[in-house]
Amino acid sequence: MAETPRIEPGCGAGCSDWQHVSPGTGPTMSFMHESRAQRVAFGAGQALEFVRAELSRTPSIRPLLIVGSAGTTLAAAISADLPAARIWDEVIQHVPAEIAERARAAAGDADADAIVSIGGGSATGLAKAVALTTGLPIIAVPTTYAGSEATDVWGVTEDGRKITGTDPRVLPRTVVYDSMLTASLPVPLSISSGLNALAHCVDALWAPRANPINAGTALEGARALRVALRALIADPRDSDARDGCLYGTYLAGVAFASAGSGMHHKICHVLGGTLDLPHAATHAVVLPYVLAHNTPGASRQARRLAVALGAQTVAPESALVALQTLRTQLGAPRSLGELGMTEQDIPVVLPQILHSIPSSNPVPVTEQSVAGLLRAAIRGAEPIVKEDA
Numbered sequence: 339m340a341e342t343p344r345i346e347p348g349c350g351a352g353c354s355d356w357q358h359v360s361p362g363t364g365p366t367m368s369f370m371h372e373s374r375a376q377r378v379a380f381g382a383g384q385a386l387e388f389v390r391a392e393l394s395r396t397p398s399i400r401p402l403l404i405v406g407s408a409g410t411t412l413a414a415a416i417s418a419d420l421p422a423a424r425i426w427d428e429v430i431q432h433v434p435a436e437i438a439e440r441a442r443a444a445a446g447d448a449d450a451d452a453i454v455s456i457g458g459g460s461a462t463g464l465a466k467a468v469a470l471t472t473g474l475p476i477i478a479v480p481t482t483y484a485g486s487e488a489t490d491v492w493g494v495t496e497d498g499r500k501i502t503g504t505d506p507r508v509l510p511r512t513v514v515y516d517s518m519l520t521a522s523l524p525v526p527l528s529i530s531s532g533l534n535a536l537a538h539c540v541d542a543l544w545a546p547r548a549n550p551i552n553a554g555t556a557l558e559g560a561r562a563l564r565v566a567l568r569a570l571i572a573d574p575r576d577s578d579a580r581d582g583c584l585y586g587t588y589l590a591g592v593a594f595a596s597a598g599s600g601m602h603h604k605i606c607h608v609l610g611g612t613l614d615l616p617h618a619a620t621h622a623v624v625l626p627y628v629l630a631h632n633t634p635g636a637s638r639q640a641r642r643l644a645v646a647l648g649a650q651t652v653a654p655e656s657a658l659v660a661l662q663t664l665r666t667q668l669g670a671p672r673s674l675g676e677l678g679m680t681e682q683d684i685p686v687v688l689p690q691i692l693h694s695i696p697s698s699n700p701v702p703v704t705e706q707s708v709a710g711l712l713r714a715a716i717r718g719a720e721p722i723v724k725e726d727a
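Following my numbering, the numbering of the sequence shown begins with 339 at its first residue and continues without gaps.
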C-alpha cells in the first residue's frame, strides 16, 4: 500500500514537518475546531456604503454609535442618514466599568436597536461591554489593527483588575474594513497596533485550544503582517500596505478567537488593567520575551513561525531572531520601563499573572521565570532562548 502523508499532532497548514508513515502507524491528527459566524465587508473608501447596507439588513434605525477619535466623520455621515442615532464618544482604553455602565444606560435611554463601533480596540471593547448586557448586535468598523472585532472576548477593568470572558453576544455581527480610515493613524501607533495583531498570531500557536486550523490561520496572518508593516514603514501612504495590515489583523483575530488566550495575552491583560499601561505598546514590548520563554517547549511552532516571519533558517530560535529583526526595522517600543512600569510593580502584578497563565503553556511558568521575564522587559534587555527551560 502506498505511503500516506500525515501531519504530526499540533502541526497545521503549511507545516514543513510532514512524516510519511504507513496507514495505521505513527501519529495522526485529532482535534476539535470551532469557527465563529461573522460577516466581513472589506474595501477602501467603502465604509459608509457598507455600514448603510448592514444597518438595513436588520433593519436598524436607532443605532448607538460608539466613536473613537478617528471615527467622527463617518459617525456624522451615519447619523445624517439616521436622525435617531445616538453618538457616544466617551471611550477609554481597558474599558473602565463605570464607562461601560454609562454607555449601557445611554443605549437604554435611546432605545438603541444596534451598535456601530468606529475606532480602535477601546471602541470595540466598549461596544462589546454594552452588547454583553443588552444583546444588541454590533457592526464594528476598526480604525487600528487591534483585532478585537474578530473575537468573542470581552474585557472590563474594575478596581485595578481587568476581568475578561467570552460570550457569543459580543462577537460583532459584521466587521467593516476600510483602510482609508487608518490613513491618519500615526506610524508609531500603526507599528504598535500591528505588533499587537502579530501577538495574536504567536499566542494562538500554543494557546489552550490551538489546533492545525487556527495555527494555519495564525501563520498566514503573521506572514501578511510582516510584509505589510515593512511596506508601511517604507511608505506610510501605501494603501496596499494598510489593506495588508487589516487583512493580517483579521486572520490574527480569528486565530486568537479560536485558539484562546495564551501566556502573552494573560500577562498583557494584567499589566494593562492593573498598571494602566498603553495596550498596543505593551503587547509590542512583551511579545519577544514570551516567544523566548516558550520556544524550548514549542520548537515545531517556532520553526513554522520563523518561516512566516521570513527567517533565513528554520531553527526554533530563528523565530525570535526574525521577530527582533522586524521590530528593529519597524522602530518598535523596546521596554516596559519606557511605558511607565518599574520593578517595584512586579510584586503587584505577579500573583495575578501566575494565576491566569494556562496550565497548558508549553514551558511551565514559575514565580522566578515570570519575574525574570518582567524584569528583562522593564529594562529592554535582549530576550534569550534558554535551552534548559
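Glycine included, C-beta positions come from ideal geometry on N, C-alpha and C.
Subject >> Pick from G485, G493, Y483, T481 that is closest to V469, judged by C-alpha positions >> reply: Reading off the sequence shown, one finds Ala at residue 469, where the question assumed Val. Nearest option by C-alpha distance: G493.
**OP:** Excluding the 5 residues preceding and the 5 following L692 in the sequence, name in chain order all residues of the same chain whose CB lies nearer than 7 Å to its CB.
**Re:** V703, E705, V708
Subject >> C-beta atoms of I477 and E387 nearer than 8 Å >> reply: Result no, Cβ atoms of I477 and E387 do not sit closer than 8 Å.
**OP:** Within its chain, find whatever has a CB closer than 6 Å to the CB of T363; leave out the 5 residues flanking it on each side and keep chain order.
**Re:** Its pLDDT being 41, under 50, T363 is placed unreliably in this model, and the value from its coordinates should be taken loosely. So no residue of the chain qualifies.
Original post:
Can we say the region 659-670 touches the region 563-571, given the rule of at least three CB pairs closer than 8 Å?
Top reply: Touching, per the Cβ criterion.
Original post:
Start and end of the alpha helix (DSSP H) containing Y627?
Top reply: 617-632
Original post:
In this structure, what does DSSP give as the bridge partners for F369?
Top reply: Note: F369 sits in no beta bridge, so no partner.
**OP:** Would you mind sorting H617 into buried or exposed? The rule is 16 or more other CB atoms within 10 Å of its CB.
**Re:** buried
**OP:** Run the CB neighbour count on Q639, radius 10 Å, all protein chains shown included, and call it buried at 16 or more, exposed below.
**Re:** Around the beta carbon of Q639, a 10 Å sphere encloses 16 or more other beta carbons of the protein chains shown; the residue is thus reported as buried.
**OP:** Could you tell me which residues DSSP pairs with T495 in its beta bridges?
**Re:** P434, K500
Subject >> Cβ-Cβ distance between P506 and V454 below 8 Å >> reply: no
**OP:** Return the bridge partner residues of T512 from the DSSP annotation.
**Re:** R377, I477
Original post:
For G362, which of helix, strand or coil comes out of DSSP?
Top reply: With a pLDDT of 40 at G362, under the threshold of 50, the modelled position of that residue is not reliable, and no figure is offered here.
Original post:
Excluding the five sequence neighbours on either side, which residues of its own chain have a C-beta within less than 8 Å of the C-beta of S417, listed in chain order?
Top reply: L403, A423, I425
Subject >> Counterpart residues of A452 in DSSP-defined beta bridges >> reply: P401
Subject >> Environment of G383 [buried if 16+ CB atoms lie within 10 Å] >> reply: exposed
Original post:
What number of angstroms, rounded off, separates the C-alpha of G559 from the C-alpha of A619?
Top reply: 19 Å
**OP:** Taking Q376 as the reference, give the member of V514, A465, H432 with the closest Cα.
**Re:** In this structure, V514 is the residue among V514, A465, H432 with its C-alpha nearest to the C-alpha of Q376.
Subject >> Contact the region 571-584 vs the region 621-628: 3+ CB pairs below 8 Å >> reply: The region 621-628 and the region 571-584 do not touch, with fewer than three beta-carbon pairs separated by less than 8 Å.
Original post:
What do you reckon, is the C-beta of H538 under 7 Å from a heavy atom of the ligand COA?
Top reply: What this structure holds is no ligand at all, so the ligand COA is not there to describe.
Subject >> Exposed unless 16 or more other CB atoms sit within 10 angstroms - verdict on Q650 >> reply: Here Q650 is exposed. Its C-beta has fewer than 16 other C-beta atoms within 10 Å.
Subject >> Spatial neighbours of A660 in its chain, beta-carbon cut-off 7 Å, leaving aside the 5 residues before and after >> reply: A644, L647, G648, A649
Original post:
Quick one: complete alpha helix (DSSP H) runs, 4+ long, within the region 636-662?
Top reply: 637-646
Original post:
Is it true that the CB of A488 sits closer than 8 Å to the CB of V652?
Top reply: no
Original post:
Could you give the distance in angstroms between the alpha-carbon of A545 and the alpha-carbon of P421?
Top reply: 44 Å
Original post:
What does a CB cutoff of less than 7 Å around F369 pick up in its chain, not counting 5 residues either side in sequence?
Top reply: N549, P550
Original post:
Would DSSP call G457 helix, strand or coil?
Top reply: Correct three-state label for G457: strand.
Subject >> Element boundaries [beta strand (DSSP E), containing I425] >> reply: Where I425 is concerned, the enclosing beta strand (DSSP E) stretches over 424-426.
Original post:
Beta carbon of A590, beta carbon of A636: below 8 Å?
Top reply: no
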